[in-house]
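Written out below as structure tokens is the structure these notes cover.
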Amino acid sequence: MPFSACASDVPLVSDGPRTLLAVSEKWINEFIEWDPDRFCSINKILLSKETLWKPDLYIYERIEDEDNSPVVPFYSLKYNGEIKVSFPLRIVSSCNLNVYKFPFDIQRCNLTFGSYIHSVQDIIMVTNASATEVFNASLKLFVSKGDWGLKNIIVRPRTVVSGNVKYSAIYYEITLQRMAIFYIITLIVPAYVLVILDIFNVNNRALEEQVLETKRKPERDKEDSMEVQMLKMLLLQVKKIHKNIVDSEAMNEVKTEWHAAAIVVDRLILIIYLCIVVILFIYVIIIWYT
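For the sequence shown, my numbering assigns the number 409 to the initial residue and increments by one for each residue that follows.
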């Protein structure tokens with residue numbers, strides 16, 4: 409004989425795939441009923457869960473077998489055979505993450521509740537509340553570590569087919585948005601500060617090299633003048649010294665030309681680097697606002 413089970417699941421605490429849910433489950437047992445007028449107007453009682461049949465509730469995306477959820481040992485039984493139980497459920501589930509727009513990404517994680525043993529001929533899963541009601545209740549209770557925000561929840565029935573057997577299930581699509589401000593403060597801002605310091609460091613090195621080059625010039629000139637005075641006393645070596653001076657000046661001119669070319673290339677690379685940093689910063693700001 410078929411049974412009808414209802415489930416309403418509200419996420420309380422979420423840390424990525426780790427979620428604490430408040431599950432409310434209700435079903436009808438057609439073999440239990442009584443007349444409240446004949447039993448002192450008692451229309452509801454509490455019974456131990458070991459005394460009653462309970463539909464098996466399975467989460468298809470669950471990846472951890474260990475159940476550390478608090479145990480609720482009692483069911484609520486009404487006179488018409490309606491059984492209701494509410495309990496917290498802590499799960500670790502799988503979720504495909506798309507981090508292309510990190511840290512401005514929006515992730516969609518699924519939770520599918522259904523029976524693992526009983527087919528659609530035995531149990532039909534229906535939701536206790538609409539998607540709007542579930543979302544509004546979740547917003548009031550949703551708690552995270554500050555790096556995720558709840559954006560939307562979609563609830564719809566679903567039929568899971570395994571082999572030739574169909575199983576009734578309830579499908580929840582939970583949309584989470586990463587709180588970008590946390591990563592901007594701890595990751596992006598320090599990265600840009602390091603980039604700016606690196607740019608200033610490059611400029612300081614170039615200035616230091618120019619200062620050192622300026623200091624070396626007078627020393628070289630002074631040395632050359634002393635050599636010229638000594639060479640005046642050595643007439644036999646005038647031609648040789650003159651040749652050495654000509655060769656030295658030619659070499660200095662070549663070095664000066666290469667130094668100027670190196671400075672131009674260095675400034676060009678610095679300008680390109682700054683343009684790339686500015687473009688990336690503008691791109692990050694545009695994604696953040698959109």
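Positions of the beta carbon are idealized from the N, C-alpha and C atoms, including for glycine.
Checklist entry - Should Y364 go down as buried or exposed, given a rule of 16 or more other Cβ atoms within 10 Å for buried? => result In the structure as shown, the chain starts at 409 and stops at 698, and residue 364 therefore has no counterpart that could be examined.
Item to check | Whole-angstrom distance between I436 and I589, CA atom to CA atom | outcome: For the purposes of this step, residue 589 is taken as the residue at position 181 of the sequence shown. For the purposes of this step, residue 436 is taken as the residue at position 28 of the sequence shown. For I589 and I436, the distance between alpha carbons rounds to 48 Å.
Item to check | Selection from K434, I514, F495, C683 that minimises the alpha carbon distance to N536 | outcome: Here the question's residue 536 lines up with position 128 in the sequence shown. Looking at the Cα atoms, K434 is the closest of the given residues.
Checklist entry - Who are the Cβ neighbours of E685 in its own chain at under 7 Å, not counting the five residues just before and after it? => result Numbered from its first residue, the sequence shown carries residue 685 at position 277. According to the sequence provided, residue 685 is Val. The question's Glu does not apply to it. Cβ within range, chain order: V603.
Checklist entry - Looking only at DSSP bridge pairs, what is L454 linked to? => result If you number the sequence shown from 1, residue 454 lands on position 46. In the DSSP output, where bridge partners are listed per residue, L454 has S484.
Checklist entry - If you run the structure through DSSP and keep just helix, strand and coil, what is N518? => result Your numbering for residue 518 matches position 110 in the sequence shown. The answer is strand: DSSP assigns N518 an E or B state.
Next on the checklist: Along the chain, where does the beta strand (DSSP E) containing E574 start, and where does it finish?
Outcome noted: Within the sequence shown, residue 574 is the residue found at index 166, counting from 1. Position check: residue 574 holds Lys in this sequence, whereas Glu was assumed. Segment 573-586, the beta strand (DSSP E) holding K574.
Checklist entry - What did DSSP end up calling F495 once you bin it into helix, strand or coil? => result On the sequence shown, position 87 is the one that residue 495 refers to. F495 falls in the strand class under three-state DSSP.
Checklist entry - When burial is assigned at 16 or more other CB atoms within 10 Å of the CB, is Y483 buried or exposed? => result Residue numbering aside, residue 483 sits at position 75 when the sequence shown is read from its first letter. Buried is the call here.
Checklist entry - Under the three-state reduction of DSSP, which class applies to L460: helix, strand or coil? => result Along the sequence shown, one-based indexing puts residue 460 at 52. The answer is coil: DSSP assigns L460 none of H, G, I, E or B.
Item to check | Neighbour flag for N451 against chain D, beta carbons, 8 Å | outcome: As a matter of chain content, chain D is missing from the structure shown, which is built from one protein chain.
Item to check | Distance, V479 Cα to F510 Cα | outcome: As a first step, residue 510 is located in the sequence shown; it is residue number 102 there, counting from the start. As a first step, residue 479 is located in the sequence shown; it is residue number 71 there, counting from the start. If you take the alpha carbons of F510 and V479, they lie about 38 Å apart.
Item to check | Sheet register partners of Y466 (DSSP bridge) | outcome: Within the sequence shown, the letter at position 58 stands for residue 466. According to DSSP, which records beta bridges pairwise, Y466 is partnered with G522.
Next on the checklist: Between which residues of its own chain and I562 is the CB-CB distance below 6 Å, once the five residues before and five after are set aside?
Outcome noted: As a first step, residue 562 must be located in the sequence shown, where it is residue number 154. The residues are A539, E581.
Checklist entry - How do the stretch 449-465 and the stretch 484-497 stand: do at least 3 beta-carbon pairs fall below 8 Å, yes or no? => result yes
Next on the checklist: Quick check: Y575 and V528, are their CB atoms within less than 8 Å of each other?
Outcome noted: Numbered from 1 along the sequence shown, position 167 holds the residue referred to as residue 575. Numbered from 1 along the sequence shown, position 120 holds the residue referred to as residue 528. Their beta carbons are under 8 Å apart, which means Y575 touches V528 by this criterion.
Checklist entry - In whole angstroms, what is the alpha-carbon distance linking N560 and I514? => result Residue numbering aside, residue 560 sits at position 152 when the sequence shown is read from its first letter. Residue numbering aside, residue 514 sits at position 106 when the sequence shown is read from its first letter. Their Cα atoms are separated by approximately 11 Å.
Next on the checklist: Do E541 and V500 have their beta-carbon atoms positioned less than 8 Å apart in this structure?
Outcome noted: In the sequence shown, counting from the first residue as 1, residue 500 sits at position 92. In the sequence shown, counting from the first residue as 1, residue 541 sits at position 133. Not in contact: V500 and E541 (Cβ atoms no closer than 8 Å).
Checklist entry - Taking DSSP as the reference, what is the three-state secondary structure of P565? => result Position 157 of the sequence shown holds residue 565. Here P565 sits in strand by DSSP.
Item to check | For L428, three-class secondary structure by DSSP | outcome: Your numbering for residue 428 matches position 20 in the sequence shown. Residue state, collapsed to three classes: strand.
Item to check | Delimiting residues of the beta strand (DSSP E) encompassing T535 | outcome: The residue labelled residue 535 in the question sits at position 127 within the sequence shown. Per DSSP, T535 belongs to the beta strand (DSSP E) from 531-535.
Item to check | Opening and closing residue of the alpha helix (DSSP H) in which F543 lies | outcome: Locating residue 543 in the sequence shown gives position 135, where the first residue counts as 1. Element bounds for F543: 539-549.
Item to check | Which of helix, strand or coil DSSP assigns to V500 | outcome: For the purposes of this step, residue 500 is taken as the residue at position 92 of the sequence shown. It is a strand residue.
Checklist entry - Assuming H526 and P463 make a contact with CB atoms under 8 Å, what is their CB distance in whole Å? => result Within the sequence shown, the letter at position 118 stands for residue 526. Within the sequence shown, the letter at position 55 stands for residue 463. About 7 Å; that satisfies the 8 Å criterion.
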